[in-house]
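One structure is given below, encoded as structure tokens.
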Amino acid sequence: MKKKKIYLAGFDVFYPNAIEVLDKKKKLCEEYGFIGLAPLDNKVDFSQTKEKIAEVIYKANVKLMNEADIFCVNLNAFRHGEPDSGTVFEIGYGTALGKDVYIYVDSDESMLDKTKTNDDKCEYKDGLWFDKNGLMIEDFDGMFNLMITQSSRIINGNLEKVLEFIHE
2 MKKKKIYLAG FDVFYPNAIE VLDKKKKLCE EYGFIGLAPL DNKVDFSQTK
52 EKIAEVIYKA NVKLMNEADI FCVNLNAFRH GEPDSGTVFE IGYGTALGKD
102 VYIYVDSDES MLDKTKTNDD KCEYKDGLWF DKNGLMIEDF DGMFNLMITQ
152 SSRIINGNLE KVLEFIHE
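The opening position of the sequence shown corresponds to residue 2 in our numbering, with each subsequent residue numbered one higher.
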């Protein structure tokens with residue numbers, strides 16, 4: 002039987018030791034009978050212009066996502082407590098392709114609770130929550146915006162928890 006390929010999405014590419022981190026994740030995929038595909042598998046010539054480098058990285062990542070059967074996504078807080086926007090794009094892309102998208106996070110805190118923790122000016126009025134800017138806070142008990150929670154399977158834990166779940 003052909004091994005399924007897993008696209009490893011997430012902000013892991015920004016760690017100083019990103020290659021090591023992603024190699025460990027690829028090895029873990031292999032232990033569970035999958036092939037891990039990581040954005041840093043792509044070879045990029047960094048002597049080009051920034052615009053050309055960005056184009057090459059984008060096209061190479063899209064190629065990997067198209068190749069993948071499954072997406073495993075690290076959606077833990079990145080900058081400013083929010084997920085990495087590139088990773089959010091990858092979730093949407095995988096969903097649009099009809100791929101199974103699994104998200105792993107180390108917190109089960111709802112979007113409302115996260116916002117209230119980071120914004121001491123939240124207020125409740127007329128049955129709705131609002132942030133310090135007067136914007137309504139989505140309150141469907143999900144950890145993320147409903148477009149994420151409704152399009153993917155969210156697992157509290159790490160990549161191995163996801164692999165255990167999909168391996169069953």
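Every residue, glycine too, gets a C-beta built ideally from N, C-alpha and C.
Whole-angstrom C-beta distance between residue j and residue i, which should lie under 8 Å
| i | j | result |
| --- | --- | --- |
| L38 | Y16 | The Cβ separation is near 18 Å, so there is no contact. |
| G11 | V74 | 6 Å |
| G95 | M66 | 6 Å |
| L23 | L41 | 5 Å |
| F35 | K4 | 6 Å |
| K26 | L160 | 6 Å |
Beta-carbon spacing of residue i, residue j below 8 Å
| i | j | result |
| --- | --- | --- |
| F47 | I54 | yes |
| K162 | D70 | no |
| N43 | A61 | yes |
| I104 | L76 | yes |
| C123 | K117 | yes |
| I155 | I92 | no |
| M144 | D109 | yes |
| L164 | Y33 | yes |
| D140 | W130 | yes |
Any C-beta of chain C under 8 Å from that of residue i
| i | result |
| --- | --- |
| Y103 | This model lacks chain C altogether, as it is built from one protein chain only. |
Three-state secondary structure assigned by DSSP to residue i
| i | result |
| --- | --- |
| G11 | strand |
| K5 | coil |
Legend entry - Sequence ranges, beta strand (DSSP E) only - wholly within the stretch 35 to 72, length at least 3: DSSP runs (the beta strand (DSSP E)) wholly in the stretch 35 to 72: 36 to 38.
Inset, instruction - Could you pull out every unbroken alpha helix (DSSP H) segment of at least 4 residues lying fully inside the stretch 116 to 151, listed in chain order? - result: Listed in chain order, the complete alpha helix (DSSP H) runs (minimum 4 residues) inside the stretch 116 to 151 are 147 to 150.
Legend entry - Sufficient close CB pairs (3 or more, under 8 Å) joining the stretch 79 to 96 to the stretch 130 to 138: Result no; under three Cβ-Cβ pairs closer than 8 Å.
Inset, instruction - Could you name each continuous beta strand (DSSP E) segment of 3 residues or more that falls completely within the stretch 69 to 109, going from the start of the chain to the end? - result: If we require 3 residues or more, the beta strand (DSSP E) runs fully inside the stretch 69 to 109 come out as 71 to 75 and 101 to 106.
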